[in-house]
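Novice: Below: one structure in structure tokens.
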Amino acid sequence: MIPRFEEEIGPIKKAIVDYWEGHRSNLALISDPFYGGSELMDRVEGMTGEEGIRIDARSLIRNLEVLEEATRRIVIVEEAHRLYRRKIGGFETMNRFLNLLATSDRLFITSWNSYSWGYLEQVLKIGRYFPQKIRLSKMSADEIREMLLSGYKEDELTFVEEEIANEEVLKVLNRGAYQKTLLGHSLEIPYPVIDVRSIRSRLERNEKKSPEEIFFDRLAQISDGNPGVVERLWKDALDYPEVRNILKDPPSIDLDRDESFALSIILSKGSVEIDELGEVLEPLGLSARNIARLLEERRLVEIDGEVASMRAEALKSAVEHLRRLRLVW
């Protein structure tokens, strides 16, 4: 596959060069889950040489002194959104981190979950601490094709259009809901929503396109241009030397407000320990473990041991659902 992040590497290099020339401008790299931020940070780390130090924010939650005592001039903080928790007193570490940025003369290069960033921008105006902000861009169908086929010869793969029996019935309506407060109680009122994805999917299949064109158009649509989701779906579709178009629309979501709030916490971190989720939910009288299991049953998250993570295939529909409820921005 072709190297990623060529568009983003240029501004990062410039920030490092400017720093050595006396112009410090802390940098935030902002992306959705599955964008491959660790891969980008690997490349950034290689650019900083002996003057750089790379720290996973998980290690700073209970020991921020490691960062305060670090002597190297360029500090890479990976997944900086791990430094806050959405509970009373949950911003102490994040505030200490931001104060350190404001008073230090070192260069900080940080990565952030875009949904945590949106929340923190609302409550802490976090953008003011990072003069440079780079949002990792979505990939088009052509860019996805180039990335995935770069390691193969022309005509090495055969694209096969698969018939999916479950799609014989065209689904036109889906379920939406909005919140209304009445006599001090929050009510969820359902309403029908036209399922545009299903209609568009059927229309696309009726167009005169090659199986390869149909596959990559569908892959771009379902993945929303997210390279990590693309790779997950590609792995499922590739049965060398055939690529089978078994791509399905993301699952529809039917959750109540509490379950949706829990899903928003997992989305905003990408993955979260059940205990940490409990610190947010249990004061509200909710069981983190029970809700996490329900979300797993709905195929929205995966649970591995004590960690709940977003499912790549469900990312797009989860974001759309949570935006309708104004739980993410």
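Just so it is clear: in the sequence shown, position 3 is 2 by numbering that gives the first Met the number 0, and no numbers are missing. For every residue, glycine included, the Cβ atom is placed at its ideal position computed from N, Cα and C.
#1: So the beta strand (DSSP E) Ile133 belongs to, where does it begin and stop?
#2: Judging by CA-CA distance, which residue of His320, Ala313 and Arg325 is the nearest neighbour of Pro32?
#3: Give me, in chain order, the residues of the same chain whose beta-carbon lies closer than 7 angstroms to that of Arg3; leave out the 5 immediate sequence neighbours on both sides.
#4: Please say whether Tyr83 and Val371 have beta carbons closer to each other than 8 angstroms?
#5: For Leu59, which residues in the same chain have their Cβ closer than 6 angstroms to its Cβ, ignoring the five residues on either side in sequence?
#6: For Trp111, count the other beta carbons within 10 Å of its own beta carbon; 16 or more makes it buried, fewer makes it exposed. Which is it?
#7: Could you give the C-beta distance for Ala236 and Val242, rounded to a whole number, given that I count them as a contact under 8 angstroms?
#8: Taking the Cβ atom as the reference point for each residue, do Arg105 and Ile73 lie within a distance shorter than 8 angstroms?
#9: Which one of Thr109, Ala140, Glu153 and Thr47 has the shortest CA to CA distance from Arg134?
#10: Might you give, ordered along the chain, the residues of its own chain that have their beta carbon closer than 7 angstroms to the beta carbon of Asp238, omitting 5 neighbours on each side?
#11: Nearest by alpha-carbon distance to Lys86: which of Leu99, Val122 and Ile8 is it?
#12: Could I get the ranges of all uninterrupted beta strand (DSSP E) runs contained in the segment 36-123, with 3 residues as the minimum, in chain order?
#13: I need the straight-line Cα distance from Asp341 to Glu258, nearest angstrom please.
#14: Just verifying my parser: in three-state terms, what is the DSSP assignment at Asp223?
#15: Apply the 10 Å Cβ neighbour rule to Lys315 and answer buried if 16 or more other Cβ atoms are within range, or exposed otherwise.
#16: What does the alpha-carbon distance come out to for the pair Gly48 and Glu7?
#17: Between which two residues does the alpha helix (DSSP H) carrying Asn350 extend?
#18: Have a look at the DSSP bridge pairing and note the partners of Arg243.
#19: Straight-line CA distance for Leu285 to Asp274?
#20: What does the alpha-carbon distance come out to for the pair Glu142 and Ser149?
#21: From Trp19 to Ile75, what does the alpha carbon distance come to, in whole angstroms?
#22: For the segment 281-297 against the segment 213-224, do three or more pairs of beta-carbon atoms, one drawn from each stretch, fall closer than 8 angstroms, so that the two count as touching?
#23: If you draw a straight line from the C-alpha of Thr92 to the C-alpha of Glu319, how long is it?
#24: Can you find the residues in the same chain that come closer than 6 angstroms, C-beta to C-beta, to Ile125, ignoring five residues on each side of it along the sequence?
#25: Just verifying my parser: in three-state terms, what is the DSSP assignment at Leu332?
#26: Going by CA-CA distance only, name the one from Val159, Ala307 and Glu281 that's closest to Leu293.
#27: To the nearest angstrom, report how far apart Asn94 and Ile15 are at their CA atoms.
#28: Buried or exposed: where does Ser209 fall if 16 or more other Cβ atoms within 10 Å of its Cβ makes it buried?
#29: In whole angstroms, what is the alpha-carbon distance linking Glu68 and Glu44?
#30: Output the distance between the C-alpha atoms of Arg61 and Arg71, rounded to the nearest integer angstrom.
#31: Pop quiz: Asn25 and Glu161 are said to be a contact at Cβ under 8 angstroms. What is the actual Cβ separation, rounded to whole angstroms?
#32: Whole angstroms are fine: how far does the CA of Arg144 sit from the CA of Phe129?
#33: Please classify Arg322: is it buried, with 16 or more other beta-carbons within 10 angstroms of its beta-carbon, or exposed?
#34: If you follow the alpha helix (DSSP H) that Ala317 is part of, which residue opens it and which one closes it?
Specialist: Per the coordinate set shown:
#1: Ile133 -> beta strand (DSSP E) spans Gln131 to Arg134.
#2: Per the Cα distances, Ala313.
#3: Excluding positions up to five away in sequence, the list reads Gly35, Glu38 and Pro226.
#4: With the chain represented from 0 up to 328, any question about residue 371 goes unanswered, as that position is not in the structure.
#5: If we look at Leu59 and ignore the five residues flanking it on each side, its Cβ neighbours are Leu66.
#6: Buried.
#7: Beta-carbon to beta-carbon, Ala236 and Val242 are separated by about 5 angstroms, close enough to satisfy the 8 angstroms threshold.
#8: Yes.
#9: When only C-alpha atoms are compared, the closest one is Thr109.
#10: If we look at Asp238 and ignore the five residues flanking it on each side, it has no Cβ neighbours.
#11: Ranked by Cα distance from Lys86, the options Leu99, Val122 and Ile8 are led by Val122.
#12: DSSP runs (the beta strand (DSSP E)) wholly in the segment 36-123: 51-55, 73-77 and 106-112.
#13: Outside the shown range of the chain (0 to 328) lies residue 341, about which nothing can therefore be said.
#14: Asp223 falls in the coil class under three-state DSSP.
#15: Within a 10 Å sphere around the beta-carbon of Lys315 sit 16 or more other beta-carbons, which makes this residue buried.
#16: The straight-line gap from Cα to Cα measures roughly 19 angstroms.
#17: The first residue shown for the chain is 0 and the last is 328, placing residue 350 beyond what the model contains.
#18: DSSP output for Arg243 lists Val159 as bridge partner(s).
#19: Rounded to the nearest whole angstrom, the C-alpha separation of Leu285 and Asp274 is 12 angstroms.
#20: Rounded to the nearest angstrom, the two C-alpha atoms are 10 angstroms apart.
#21: CA-CA distance, Trp19 to Ile75, rounds to 16 angstroms.
#22: No contact exists between the segment 281-297 and the segment 213-224.
#23: Looking at the two C-alpha atoms, the distance is approximately 30 angstroms.
#24: So the list reads Leu119, once near-sequence residues are dropped.
#25: The chain is shown from 0 up to 328; residue 332 falls before or after that span and cannot be answered.
#26: Minimum Cα distance to Leu293 is reached at Ala307.
#27: Each residue's Cα considered, the two are about 25 angstroms apart.
#28: Under this definition Ser209 is an exposed residue.
#29: If you take the alpha carbons of Glu68 and Glu44, they lie about 19 angstroms apart.
#30: Approximately 21 angstroms between the Cα atoms of the pair.
#31: Not a contact, Cβ separation roughly 48 angstroms.
#32: Computed Cα separation, rounded: 34 angstroms.
#33: The residue in question, Arg322, is exposed, as its Cβ has fewer than 16 Cβ neighbours within 10 Å.
#34: From DSSP, the alpha helix (DSSP H) with Ala317 extends over Leu314 to Arg323.
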